[in-house]
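Chains A and B supply the protein sequences, listed in that same order. Per our numbering: the first sequence ends with 69, consecutive numbering throughout. Per our numbering: the second sequence ends with 1361, consecutive numbering throughout. Even glycine gets a Cβ: it sits at the ideal position worked out from N, Cα and C.
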Amino acid sequence: MTLISRRTALGIAGAGAIVAAAGAAAVGSRECTWRAAPASPGANDVAVDFVDRDGWMLTPAEGEKLSPARQTGA
Amino acid sequence: MFVTDRFDPAAYDCFIVGSGPAGMSLALALARVRKRVLVFESGDADQPRSELSNSIGYGHYSGEYWNGHWFRALGGTSALWAGWCVTHRDIDLDNPAVGTRWPIARAALVPYWNAAAEILDRDPEYVAFEAPFAPGFVYRPVPTGPATRFGTKYRATLEAPAGVDVALGRSVVALETNGRRSHLTSLTYVDHLLGIRRSLTLAPRQSLVVAAGGMGNAQLLLQPRADGAVPVGNESGVVGQFLMEHPEFYLAGECVLEAELDKFWPAANKSTGMHTIVADRAVSIEHGLYGCALQCMKKSPDHDMARFMTAQSGRPYFHYEITAHAEMLPSPSNRVVLTPERDRWGLHRPSAHCTIDAKDFQNVERTLRVFGATLIRLGQGRVRVNNDRIYRQAAGEGHTLGTTRMGDDPSSAVVDSDCRVHGYDNFFVAGSSVFPSGGYANPTLTIVALALRLAETIARRA
Chain A
-4 MTLISRRTAL GIAGAGAIVA AAGAAAVGSR ECTWRAAPAS PGANDVAVDF VDRDGWMLTP
56 AEGEKLSPAR QTGA
Chain B
900 MFVTDRFDPA AYDCFIVGSG PAGMSLALAL ARVRKRVLVF ESGDADQPRS ELSNSIGYGH
960 YSGEYWNGHW FRALGGTSAL WAGWCVTHRD IDLDNPAVGT RWPIARAALV PYWNAAAEIL
1020 DRDPEYVAFE APFAPGFVYR PVPTGPATRF GTKYRATLEA PAGVDVALGR SVVALETNGR
1080 RSHLTSLTYV DHLLGIRRSL TLAPRQSLVV AAGGMGNAQL LLQPRADGAV PVGNESGVVG
1140 QFLMEHPEFY LAGECVLEAE LDKFWPAANK STGMHTIVAD RAVSIEHGLY GCALQCMKKS
1200 PDHDMARFMT AQSGRPYFHY EITAHAEMLP SPSNRVVLTP ERDRWGLHRP SAHCTIDAKD
1260 FQNVERTLRV FGATLIRLGQ GRVRVNNDRI YRQAAGEGHT LGTTRMGDDP SSAVVDSDCR
1320 VHGYDNFFVA GSSVFPSGGY ANPTLTIVAL ALRLAETIAR RA
């Protein structure tokens, strides 16, 4: 897939494009990560967070869209 | 007035070692209740005696680091102060994640913070201002403004005949005690201009306060005695231990916030305050967080993520860079010790070992992540964590904390809640060296507040 930067995606898709932009960036760049937060002293810490290729934290919905692409390496 | 030759020691109610924010605030407060005070200052009125600040650092704060924040002239380190004033919160004084409790409740400090704010030329209401931010987080701006330079502000006051005398160019190098170590009996000082040592006798009614900075206080109270006995003031054995800084992480992260959350920013802000956000007590307890202020800077709508969020929501967003001002866990292995090397007056050179703990780094990352998760849950913003700025580029704020810590237990603390050295009746310590934990707050406001509180204690006994 072609790398689509967030800036480009915004230009193409306009409002509501963050999920698409993040997903595109992830698939295209393979830089997106999906990781657990650091170990916490209890069970109440942030359990899992999703980040886009630049490290911005994403919503779970956005992250779930990224995850299959990451896992398949598409 | 500035004393230039011999003086009559018996005329004084209190001797103070150091003329920085702690020592000078204390001296002037005592003068207001008609107590006679003599302040020893190593430096001159205008010129520092920098060669006396001779510590060597190891760990995250190495080499000459601590000397850059140990200023030896009238007014002490206020000459270098950046002017930031903020109060500690309840949880900064008693946080289970830190494991150290201050023996003073926050409410007991409030009147002294208010008085200290006026000395530091700040609005008392502003130094304690806070407002709810997002759930779980509190907006606590830090007033900055022009820094108060004590040597300048009070010079005319000190030059006039009044209750405060200042012995410039004199350093206290030794303390002596009675056999039971219940009160100090004499002190020895050097006169740098004349190149001589002199001693003076202390009567039990006369108080002595060491207010020579976090490094200087430890250096004096660690000096070995010729007879091999425990150094005067270190009967607890913990002088020098629990050295702390406030680690600073420039650009530890960035965030975009919905403009609605911007309403707490003072409308009249003209770069005279730092906009900081901290986790509240409940979130701190829930996540095991301790001091970490997220200073949000360079507000701008002109950022990709801000534009995205604005476009997605139809509501305006701003972008901010975040610098984190954090707390270090107090650790006995972070400490000031003396080296065998001595200066010409016989004072051993201090060595400072200070390492930021893995938990301290993780505390900053975790605070940012919890903040980001909160904003996502609310749909009001996003956070980006800058890993390398946290874990590879830590700096410091020039705060030397904890080396003569305060506590109720004489076996684990140097001074009690009145800043009196445990076991003594006329021996006190002032300054940030008494902080049992650091919180995230800049210390000068609390240094002055504790000095004003100490003035009342000393006035009662004199």
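Next on the checklist: Using a 10 Å radius around the Cβ and a threshold of 16 neighbouring Cβ atoms, would you call Ser1232/B buried or exposed?
Outcome noted: So Ser1232/B ends up on the exposed side.
Checklist entry - Nearest CA to the CA of Gln1194/B: which residue from Val1063/B, Thr1222/B, Pro1215/B? => result Residue nearest to Gln1194/B within the set Val1063/B, Thr1222/B, Pro1215/B is Thr1222/B (criterion: CA-CA distance).
Next on the checklist: Can you tell me whether Ser1183/B is helix, strand or coil according to DSSP?
Outcome noted: Reduced to three states, the DSSP call for Ser1183/B is helix.
Checklist entry - Just the Cα atoms here: how many angstroms apart are Ala32/A and Asp1287/B? => result Only weak support exists for where Ala32/A lies, its pLDDT of 41 falling under 50; the value from the coordinates is given anyway. The alpha-carbon of Ala32/A is positioned some 16 Å away from that of Asp1287/B.
Checklist entry - Are there 16 or more other CB atoms within 10 angstroms of the CB of Ala20/A, so buried, or fewer, so exposed? => result Confidence at Ala20/A is low in this model, with a pLDDT of 38, below 50, so the placement of that residue should be treated as unreliable; the coordinate-derived value is given next. When all chains shown are included, Ala20/A counts as buried.
Checklist entry - By Cβ distance, which residues of its chain are closer than 8 Å to Asp1022/B, with the 5 residues on each side in sequence left out? => result The beta carbon of Asp1022/B lies closer than 8 Å to those of Ala1016, Pro1042 in the same chain, with the five residues before and after it left out.
Next on the checklist: Which residues in chain A have a C-beta closer than 7 Å to the C-beta of Ile1275/B? List them in chain order.
Outcome noted: Neighbours of Ile1275/B across chain A, judged by C-beta separation under 7 Å: Met52, Thr54.
Item to check | Whole-number beta carbon distance between Gly1136/B and Ala1117/B, since they are thought to touch under 8 Å | outcome: Here Ala1117/B is actually not in contact with Gly1136/B; their C-beta atoms are around 13 Å apart, not less than 8 Å.
Checklist entry - For Ala1348/B, which residues from the same chain have a beta carbon less than 8 Å from its beta carbon, with the 5 sequence-adjacent residues on both sides left out? => result Result list for Ala1348/B: Leu1008, Tyr1011, Trp1012, Ala1014, Ala1015, in chain order.
Checklist entry - When the cut-off is 8 Å and only beta carbons count, does Gly1190/B lie next to chain A? => result Answer no: the Cβ-Cβ gap between Gly1190/B and chain A never drops below 8 Å.
Next on the checklist: Would the segment 1270 to 1290 of chain B count as touching the segment 1310 to 1327 of chain B if we require 3 or more Cβ pairs under 8 Å?
Outcome noted: Below 8 Å, too few C-beta pairs join the segment 1270 to 1290 of chain B and the segment 1310 to 1327 of chain B to call them touching: fewer than three.
Item to check | Where Met1114/B sits in the DSSP three-state scheme | outcome: Met1114/B: helix per DSSP, three-state reduction.
Checklist entry - Among Met1305/B, Phe1327/B, Ile1255/B, which has the Cα closest to the Cα of Ala1293/B? => result That would be Ile1255/B, whose Cα lies nearest to the Cα of Ala1293/B.
Next on the checklist: Threshold first: 3 residues or longer. Then list the beta strand (DSSP E) segments lying entirely within the segment 1066 to 1153 of chain B, N to C.
Outcome noted: Here the runs fully enclosed are 1069 to 1076, 1083 to 1090, 1095 to 1100, 1106 to 1109.
Item to check | Cα-Cα separation between Tyr1088/B and Val1072/B, rounded to whole angstroms | outcome: Approximately 5 Å, taken between the alpha carbons.
Next on the checklist: Need the endpoints of the alpha helix (DSSP H) that Leu1193/B sits in, please.
Outcome noted: Note, Leu1193/B: premise wrong, no alpha helix (DSSP H); beta strand (DSSP E) at 1191 to 1199.
Item to check | Spatially closest choice to Tyr1339/B from Leu1228/B, Asp1201/B, Val938/B, by CA coordinates | outcome: If we check each option's Cα against that of Tyr1339/B, Leu1228/B comes out closest.
Checklist entry - Since Val985/B sits in a beta bridge, which residues does DSSP pair it with? => result Val985/B has no beta-bridge partner at all, per DSSP.
Checklist entry - Cβ atoms of Phe1032/B and Pro1040/B: under 8 Å apart, would you say? => result Result no, Cβ atoms of Pro1040/B and Phe1032/B do not sit closer than 8 Å.
Item to check | Proximal chain A residues relative to Arg1281/B, where beta-carbon distance stays under 7 Å | outcome: Trp51, Met52, listed in chain order.
Next on the checklist: Counting only beta-carbon separations shorter than 8 Å, does Val997/B have a partner in chain A?
Outcome noted: Taking Cβ atoms only, chain A never reaches closer than 8 Å to Val997/B, which makes this a no.
Checklist entry - Helix, strand or coil for Met923/B per DSSP? => result In this structure, Met923/B counts as helix in the three-state DSSP scheme.
Checklist entry - To which residues of the same chain is Val985/B closer than 7 Å at the C-beta, ignoring the five residues directly before and after it? => result Within the same chain, Val985/B has close Cβ partners Val1026, Arg1039, Val1041, Ala1340, Asn1341, Leu1344.
Next on the checklist: Am I right that Arg1304/B and Phe1141/B are in contact with their C-beta atoms under 8 Å? What's the rounded C-beta distance?
Outcome noted: Going by Cβ atoms, the distance from Arg1304/B to Phe1141/B rounds to 5 Å, so yes, they are a contact pair.
Checklist entry - Among Val902/B, His1252/B, Ser1230/B, which one has its Cα closest to the Cα of Lys1258/B? => result Selected option, being the one with the closest Cα: Ser1230/B.
Checklist entry - If you run the structure through DSSP and keep just helix, strand and coil, what is Cys27/A? => result Here the model assigns Cys27/A a pLDDT of 39, short of 50, so the residue's position is not dependable and the matter cannot be decided.
Checklist entry - Would Ser1170/B count as contacting chain A if we go by Cβ distances under 8 Å? => result Residue confidence is low: Ser1170/B scores 42 on pLDDT, short of 50, so the model does not pin down where it sits. No coordinate-derived value is stated.
Item to check | Collapsed DSSP secondary structure at Ala1046/B in the structure displayed | outcome: If DSSP states are grouped into helix, strand and coil, Ala1046/B belongs with coil.
Item to check | Unbroken alpha helix (DSSP H) run spanning Leu1025/B, endpoints | outcome: With the sequence shown as reference, residue 1025/B is identified as Tyr, and Leu is not the correct amino acid for it. 1023 to 1026 is the extent of the alpha helix (DSSP H) around Tyr1025/B.
Checklist entry - With 8 Å set as the bound, which would you pick, yes or no: does the beta-carbon of Gly1113/B sit closer than that to a beta-carbon of chain A? => result So no, Gly1113/B is outside the interface.
Next on the checklist: Taking 7 Å as the limit between beta carbons, can you name the residues of its chain near Met1204/B, skipping five residues before and five after?
Outcome noted: Cβ within range, chain order: Val1155, His1218, Arg1281.
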